[in-house]
Every structure is written in structure tokens, then in C-alpha cells.
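Chains as they are written, first to last, in the working numbering: chain A, 51 to 229; chain B, 51 to 229; chain C, 51 to 229; chain D, 51 to 229. Accompanying notes for the structure given below.
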DNA sequence: GATGAATGAGACTTCATTCAT
DNA sequence: TATGAATGAAGTCTCATTCAT
């Protein structure tokens with residue numbers, strides 16, 4: 051059944067976020083999805099395959115904010131990223147990094163899904179700013195994406211959840227380099 | 051014996067970096083340290099305690115570069131971070147993030163050890179720049195640390211290892227906002 | 051359908067020979083036969099019943115060689131047995147012997163099918179020889195069958211595949227006792 | 051403990067004979083030996099390794115009979131083989147043959163242990179007979195071993211347990227070819 | 001008659017942890 | 001202090017078998 055498919059993937063993604071790769075046991079996924087373990091194996095050849103598939107269910111940033119101003123767009127994007135992360139936690143990123151030595155496909159899948167969607171969002175924001183003449187011609191979107199998204203990763207890793215003023219402060223600090 | 055203590059901690063840190071929390075089995079730590087498993091338990095009450103202790107053995111950034119120029123200092127710091135990360139891998143950061151829901155002490159320990167040492171390094175670099183009149187008075191070191199260190203985390207997570215020109219490009223992009 | 055019946059039995063016999071009783075999974079039989087698993091169960095109440103039925107599909111020795119000479123007949127028969135065994139392997143005999151403690155029907159079926167057909171072949175060869183006056187009157191075909199067929203079983207079990215001269219050497223060693 | 055070692059190997063050999071490779075579960079071996087499953091894995095890296103080790107515990111034919119007469123020696127040897135087989139069953143031979151496609155080491159080990167010990171026994175019997183002038187100079191012990199041992203394998207496989215007169219009849223049938 | 005989908009039971013294996021010495 | 005030996009608990013995966021369609 052289609053609903054079984056969804057239930058399994060959602061249970062897997064949830065457990066992956068909350069209990070890590072190790073904690074995402076097939077038994078727990080099956081129980082959370084309300085099916086038996088072999089039913090999971092009917093769909094995925096191994097736990098590893100299931101985890102890889104679950105990664106792709108993480109949130110995308112498909113519709114970048116469009117406020118008409120570069121700074122505000124970036125603040126909105128960063129705020130959105132922070133809000134998303136506070137909902138589902140950063141541990142999913144931790145999982146894909148932590149498992150890289152043994153399961154590099156997880157990180158690969160994360161890059162293909164989430165990483166590229168973030169980059170695309172920044173790309174679009176900067177494109178629009180450029181067409182409004184708000185930004186330097188040689189500004190590289192990849193660098194901006196690294197700086198904006200990374201700031202949150204570093205802040206969380208080194209200090210914890212940022213306060214509400216933080217996103218604006220980051221983008222303000224960055225602004226002179228963009229325009 | 052002191053050398054036994056060291057051997058155990060080093061083996062644990064190494065395995066934690068290279069194989070993650072799950073891969074850091076007590077048997078593997080004991081074997082790598084050349085002792086028996088009960089010897090490990092004489093020192094740490096549990097595997098988890100051992101992992102927490104091992105986290106503190108991660109590299110510090112005790113002597114921030116001092117080139118006489120803010121930009122060059124930051125490039126050197128970032129280059130140093132990248133080099134360190136390429137040696138020991140990012141999976142250790144992944145581990146502390148991934149384990150946070152169940153073992154928040156790992157992340158707490160990481161913040162106390164590595165996070166604060168990075169922040170102190172950036173602090174010092176900016177202090178020196180400020181005393182040379184190279185930077186704004188209201189520049190907050192915490193934001194700069196987020197941006198510089200985070201850029202690498204984001205780049206690695208989204209794209210992989212950066213090329214050799216990358217660190218300079220990041221700092222150049224950032225520079226107008228610092229001075 | 052008749053062809054379905056055949057396909058299932060052939061797949062079962064093939065898998066039984068090549069992968070043993072354990073390797074003959076119902077899923078593998080169904081896949082090899084191009085049907086679903088329940089289709090197999092429509093025909094056989096259990097995997098075991100299927101195995102028993104598959105045993106009966108093993109090769110018979112219906113037309114014993116007739117060269118006009120006892121020795122040559124036996125050599126031809128033994129050569130034929132060796133050739134057959136090298137094609138389908140001895141593991142099928144292993145299966146019926148190995149399963150005897152728990153599933154004696156397999157061995158019973160093998161005796162009824164293959165064992166009796168070999169005995170009949172030796173019987174006929176010796177009958178013809180006797181009518182030509184080539185053999186002792188009191189020669190018991192059962193003993194000859196044991197010696198000829200068994201020689202191959204023992205050779206394979208103890209040493210492996212015999213070389214090309216072996217069948218003739220065996221029968222030559224045996225000859226003085228037959229005539 | 052040494053007694054644990056023995057208990058595990060004996061339990062494994064017993065189960066291998068009586069329930070086949072599949073039936074020799076590690077749980078059953080552990081239970082029969084009175085230990086936990088991990089204790090078994092402390093000694094053997096896998097179930098397969100355990101089975102291979104258990105094969106070597108099968109009976110040898112170290113002291114061939116020495117009656118002073120070739121025929122009687124062979125009858126005694128064959129009678130001994132039959133008696134041994136009736137005690138432990140032929141299913142262990144079935145197991146090594148049945149598992150050959152997936153676990154060829156079992157058959158290899160059987161050949162190295164049991165096969166070679168039988169061959170050595172026949173060798174010695176014939177050597178002694180030759181030194182007494184009771185046999186042909188060119189008689190090949192390997193062929194005799196094949197014929198004598200094989201006769202029992204074939205008889206059992208095709209008909210079942212032989213009656214008490216059978217061993218003598220086999221050797222008598224063979225005798226003219228030996229002397 | 002045929003099958004897609006499901007599952008209870010059980011197999012092999014690993015691991016953190018303990019205990020007697 | 002140190003360890004050889006042991007184990008409860010749990011994890012991944014497979015398989016014979018069933019049921020609704």
C-alpha cells in the first residue's frame with residue numbers, strides 16, 4: 051500500500067533524526083510504521099538502503115523568499131533555515147557526517163537533496179538582486195551559501211541555538227561584501 | 051599507568067573520529083590500546099563516559115596566526131581549520147551532533163573544548179586587528195567566528211572538500227564587512 | 051497448466067542439486083519457474099513435499115549399455131554414472147542422506163527411483179552375460195551393483211573426481227570375481 | 051575451559067550428524083554444551099568454522115585389523131566401518147556432500163580426516179598381505195579402498211542397512227581380483 | 001487458478017558489561 | 001591493577017507460509 055510506503059519512510063526519517071543511524075533500528079521503524087519487519091525488507095534490501103531513502107525526505111528550500119531586497123531575502127532564508135533546524139534538529143546532519151566513513155552514500159544523498167536545494171535558493175536570490183543592480187557582478191553564490199548556511203551550523207555547534215537577533219546580525223556583517 | 055591512560059584515550063579518540071560512536075567499540079579501543087577490556091572499565095564507568103573523555107582530546111587552536119594583517123590571519127586560521135579537518139575528518143563533529151538527542155554531554159564537551167578555543171582564537175585575531183586600527187569598533191568576534199568556521203562546515207556538508215583557493219575567496223568576500 | 055507443473059519441478063530439482071535442501075527456497079523455486087510463491091503452494095502443501103516430488107525427477111538408467119561383453123558393459127555403465135554425477139553433482143545424494151534423520155521420505159524416494167533403476171540395469175547386464183556363459187551362475191547382481199556404483203561414491207567422497215582411466219581400472223580389478 | 055571446548059565441539063558434531071548443517075544452529079550447540087551463544091563465538095568466528103572443526107572429530111580408522119589374512123582383514127575393516135556408520139549414521143557424509151556447493155571446506159576437511167585414514171588402513175592391510183605373498187604386486191590400494199568402502203555407501207543409499215552376511219559376501223566377490 | 005503483500009518465527013552475529021582470579 | 005572468559009540483550013536479515021483480491 052502507498053500509505054505503508056509513506057509510513058515506513060516517515061518513521062525512518064524521524065528515527066534517523068532523533069536517534070541516529072544506530073538508533074534507527076529496523077524493528078523501531080517497523081513498529082512506528084505499524085508493520086512487521088519483513089514488510090520493511092520487502093521495500094528496502096537493507097537498513098542502509100532505507101536510511102539513504104529516508105534522507106531524501108528531508109525538507110527542501112524550494113521557494114526562496116522574494117522581498118525585493120537582497121539583505122532581507124538572505125535574512126528570511128537564514129531565519130527559515132534556523133526555524134527548520136529547530137524543528138527537526140541538526141542531528142540529521144550529524145548523522146550523515148558521522149556515518150560518512152562507513153556509509154558515504156548518506157552524505158552523498160544529503161548533498162544531492164538538501165545541499166543543492168539550498169544552493170539553488172541562494173542562487174536565485176542573488177540572481178534577482180543582480181538584476182536589480184543590488185550586487186556585485188562577480189559575486190559567487192556558492193561562497194554566499196557557504197557563509198550564510200555555515201554561520202548557523204557553526205553557531206549551533208559552538209554555542210547552541212542563536213537568539214532572535216542573530217540572523218540579522220550575521221547578514222548585516224556580511225552585507226558590505228555583497229553589494 | 052599513565053601511558054595506559056593515554057593509550058586508551060588516544061585509541062578512543064581515533065576510533066571516534068574514524069568510525070563514529072558505534073564504531074568505537076570497547077573491544078576495539080582496548081585492542082588498539084593494547085589492554086584488556088576490563089582495564090578500560092577500570093577507568094571509565096561506561097563506553098559513553100569514555101567517549102565524552104575522548105572528545106576533549108580533539109585539537110585546539112591555541113596559537114592563532116599572527117601575520118600582522120586581519121585578512122591574512124583569518125585566511126591562515128581557516129586554512130588551519132581545513133587542514134585539521136582533512137586530517138581527522140568531520141565525522142567527529144557529526145558524532146557529537148548526531149548523538150545530541152540521546153547524549154547531549156558529547157556536544158557540551160565539544161563546545162567547551164573545541165568551540166571555545168576557536169572563539170578565543172578569532173577573538174585574539176580581531177583584538178590585535180582592532181589595536182592596529184584595522185577593524186570596526188563594533189565588530190563582534192562571535193559573528194566572525196560563525197562565518198569563518200561555518201563556511202567550511204557548510205561547504206564540506208554541501209559540496210565536499212574545498213579547493214585550495216577557497217579559503218582566500220571566503221575571507222575576501224567577508225572582508226568589506228570587517229574593516 | 052502442465053508447463054507450470056513441469057517448470058516448478060524442474061526448478062526445484064535444479065536448486066536441490068545445486069544448492070541443497072536449504073538453498074532450495076520456495077522463493078527461488080518460484081522465481082526460477084516464473085510463477086509466484088502461492089502458485090507453488092497450490093501444488094505442494096509444503097517445501098518438503100516439493101522436495102520429495104523433485105527427487106523423483108532425477109535421472110534413471112533405463113537403457114543399460116549392451117556391448118556384448120560383461121566388462122565393457124560395466125565400464126560403460128560406470129562411465130555413464132560418473133558422467134551423470136559430474137553434471138548434476140553428488141550433492142543431491144548428500145541431501146537425501148543428510149536429511150534422513152528428519153525427513154526419511156527423501157531417501158526412500160531416492161531409493162525407489164534411482165537406486166532401483168541402477169539395480170535393474172546391473173541385473174540386466176549380468177543376465178545377458180550369464181546367457182552368454184560369461185559369468186558365474188551364483189553371481190549376485192546386488193553385490194555387483196554395490197561394488198560398481200559404490201566405488202564412485204567412495205572415490206568422490208574420499209578423493210574427488212576420478213581421472214579418465216579410473217572406471218576401467220575398477221572394473222578390471224573386479225573382473226576376476228565375476229567370471 | 052578445556053571441558054567447554056570439548057563440549058562445544060561434541061555438541062556441534064552430534065547436531066551436524068543428526069540434524070544437518072541447517073539443524074546445527076549455534077543456539078542448539080550452545081544449549082547442548084551448556085554455554086551461551088557468545089561463548090561459542092569466542093572460539094569460532096562463524097558457524098561455518100565451527101562446522102569445519104566439528105568434522106575433524108569424526109572417527110578415524112587408526113588401527114586396521116590384523117588377522118594374518120587379507121580376506122579376513124578386509125571383512126573386519128568393512129564390518130568395522132558398517133558398525134561405525136550404524137552408530138553415528140551416514141548423514142554426516144550426506145552433510146558434507148550436500149553442502150559442497152556452498153561450503154566446500156566441509157568436504158575437504160572430511161577427505162583430509164576420514165578419507166585419508168581409511169585409505170591408510172587399506173594401504174596397510176594390503177602391504178601386509180603383499181609381504182605375505184597373498185596378493186598381486188600391482189594391486190592398487192586406492193582401488194580396493196574405493197570398492198570396499200563404496201560398497202557400503204552404495205548399499206545403504208540404494209537399499210538400506212545391509213544384513214550380517216553382506217560384508218563377507220562383498221569381500222568374497224572381490225577376492226579373486228585381489229590375489 | 002493465480003498473485004501481491006504480509007508476517008511469525010527464528011537464524012547468525014555483535015557488543016557493552018561483569019566476575020572470578 | 002589487570003585480565004581471560006563469559007553472557008544478556010539486541011540487531012540485521014531470511015524464510016516458509018498465509019490471506020485478500
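C-beta atoms are modelled at their ideal positions from N, C-alpha and C, and glycine is treated no differently. Since the structure is predicted, the reported quantities are computational estimates derived from the model, not experimental observations.
request  = Report the rounded CA-to-CA distance for residue 167(B) versus residue 221(B), giving the unit in angstroms.
outcome  = Rounded to whole angstroms, the gap between the alpha carbons of residue 167(B) and residue 221(B) is 20 Å.
query = Any chance the CB of residue 155(B) is under 8 Å from a heavy atom of the ligand NAD?
reply = With respect to the ligand NAD, the structure offers nothing, as it holds no ligand at all.
task = Could you work out which residue in 110(D), 173(D) and 144(D) is closest to residue 133(D) when comparing CA atoms only?
result = Nearest option by C-alpha distance: 110(D).
task = Determine, using beta carbons only, whether residue 204(C) and residue 210(D) come nearer to each other than 9 Å.
result = No, Cβ-Cβ distance for residue 204(C) and residue 210(D) is not below 9 Å.
query = Is the CB-CB distance between residue 149(C) and residue 141(D) below 9 Å?
reply = It is a contact, given that the beta carbons lie within the stated cut-off.
request  = Within 10 angstroms of the Cβ of residue 108(C), are there 16 or more other Cβ atoms? Answer buried if so, exposed if not.
outcome  = With 16 or more other Cβ atoms within 10 Å, it is buried.
Of the residues 56(B), 120(B) and 173(B), the one placed nearest residue 30(B), counting alpha carbons only = The structure shown does not extend to residue 30(B), since chain B is modelled only from 51 through 229, so no value can be given for it.
task = Find the nearest neighbour of residue 194(C) within the set 229(C), 76(C), 99(C) and 160(C), judged by alpha-carbon distance.
result = Of the candidates 229(C), 76(C), 99(C) and 160(C), the residue whose Cα lies closest to the Cα of residue 194(C) is 229(C).
inquiry  = Taking only three categories from DSSP, how would you classify residue 174(B)?
reply    = DSSP places residue 174(B) in helix when its eight states are reduced to three.
key: Among 104(B), 224(B) and 81(B), the one whose alpha carbon lies nearest that of residue 71(B)   = Distance check between residue 71(B) and each of 104(B), 224(B) and 81(B) places 104(B) closest, using alpha-carbon atoms only.
task = Give the C-beta separation of residue 90(B) and residue 144(A) to the nearest angstrom, bearing in mind that I take them to be a contact with Cβ-Cβ under 8 Å.
result = So it is not a contact: roughly 25 Å between Cβ atoms.
inquiry  = Quick check: the region 180-198 of chain A against the region 172-186 of chain B, are at least 3 beta-carbon pairs closer than 8 Å?
reply    = Under the Cβ criterion (8 Å, minimum of three pairs), the region 172-186 of chain B does not count as touching the region 180-198 of chain A.
task = Report the residue ranges of all alpha helix (DSSP H) runs contained in full by the region 73-131 of chain C; include only those spanning at least 4 residues, in chain order.
result = Listed in chain order, they are 76-83, 87-93 and 97-105.
query = In three-state DSSP terms, what is residue 212(C)?
reply = Coil, per DSSP.
key: Separation of residue 191(D) from residue 173(C), as counted between CA atoms   = Taken atom to atom, the span from the alpha-carbon of residue 173(C) to that of residue 191(D) is near 28 Å.
ask   = Can you tell me whether residue 154(B) is buried or exposed, with buried defined as 16 or more other CB within 10 angstroms of its CB?
value = Its Cβ having fewer than 16 others within 10 Å, residue 154(B) is exposed.
message = Only counting the same chain, and skipping five residues up and downstream in sequence, which positions put a Cβ closer than 6 Å to that of residue 96(B)?
response = Short of 6 Å from the beta carbon of residue 96(B), and not among the five residues preceding or following it, lies no beta carbon of its own chain.
query = When the distance is taken between beta carbons, is residue 213(D) closer than 9 Å to residue 202(C)?
reply = Between residue 202(C) and residue 213(D), the gap from beta carbon to beta carbon reaches 9 Å or more.
ask   = Thinking C-alpha only, which one of 69(A), 157(A), 66(A) and 94(A) is nearest residue 208(B)?
value = Of the candidates 69(A), 157(A), 66(A) and 94(A), the residue whose Cα lies closest to the Cα of residue 208(B) is 157(A).
key: Cut-off 8 Å between Cβ atoms - residues of its own chain near residue 98(D), not counting five sequence neighbours on either side   = The residues 153 and 155, in chain order, have a CB closer than 8 Å to that of residue 98(D) in the same chain once the five nearest residues on each side in sequence are set aside.
query = Under a Cβ-count criterion, where at least 16 other Cβ atoms within 10 Å of its own Cβ denotes burial, should residue 223(C) be classed as buried or exposed?
reply = That one is buried.
inquiry  = I need the straight-line Cα distance from residue 123(D) to residue 80(C), nearest angstrom please.
reply    = C-alpha of residue 123(D) to C-alpha of residue 80(C): approximately 52 Å in a straight line.
message = Given this structure, state the Cα-to-Cα distance separating residue 74(C) from residue 86(A), to the nearest angstrom.
response = Distance from the CA atom of residue 74(C) to the CA atom of residue 86(A), rounded to whole angstroms, is 25 Å.
request  = Could you tell me whether any Cβ in chain D is nearer than 9 Å to the Cβ of residue 197(C)?
outcome  = Interface flag for residue 197(C) against chain D is set, since a Cβ pair is found closer than 9 Å.
Under 8 Å from the C-beta of residue 220(D): neighbouring residues of chain C = Within chain C, the residues near residue 220(D) are 193, 196 and 197.
inquiry  = Once DSSP output is grouped into helix, strand and coil, what is the label at residue 229(D)?
reply    = Coil at residue 229(D), not helix or strand.
ask   = Does DSSP put residue 205(D) in a helix, in a strand, or in coil?
value = Here residue 205(D) carries a helix assignment [DSSP, helix/strand/coil].
request  = Return the Cβ separation of residue 64(C) and residue 82(C) in integer angstroms, given the expectation that the two are a contact with Cβ distance under 8 Å.
outcome  = Yes, residue 64(C) and residue 82(C) are in contact; Cβ-Cβ is about 7 Å, under 8 Å.
query = By how many angstroms is the C-alpha of residue 171(A) removed from the C-alpha of residue 219(A)?
reply = A straight line joining the alpha-carbon of residue 219(A) with that of residue 171(A) spans about 20 Å.
ask   = Roughly how many angstroms lie between the CA atoms of residue 206(C) and residue 226(C), to the nearest whole one?
value = In this structure, the alpha-carbon of residue 206(C) lies about 24 Å from that of residue 226(C).
message = Run through chain B and tell me which residues come within less than 8 Å of residue 136(A), C-beta to C-beta.
response = Result: empty, since nearest Cβ-Cβ is about 13 Å, beyond 8 Å.
ask   = Is it true that the CB of residue 120(C) sits closer than 9 Å to the CB of residue 58(C)?
value = No Cβ-Cβ contact shorter than 9 Å links residue 58(C) with residue 120(C).
query = Leaving out the 5 sequence neighbours to the left and right, which residues in its chain are closer than 7 Å to residue 77(A) when beta-carbon positions are compared?
reply = Excluding the 5 residues flanking it on each side, residue 77(A) has same chain C-beta neighbours closer than 7 Å at 87, in chain order.
task = Please name the residue in 106(B), 116(B), 67(B) and 216(B) whose C-alpha comes closest to that of residue 164(B).
result = Out of 106(B), 116(B), 67(B) and 216(B), 106(B) has the C-alpha closest to the C-alpha of residue 164(B).
request  = Show which residues of chain D have a CB atom less than 7 Å away from the CB atom of residue 148(C).
outcome  = Chain D residues near residue 148(C): 70, 141, 144, 145 and 148.
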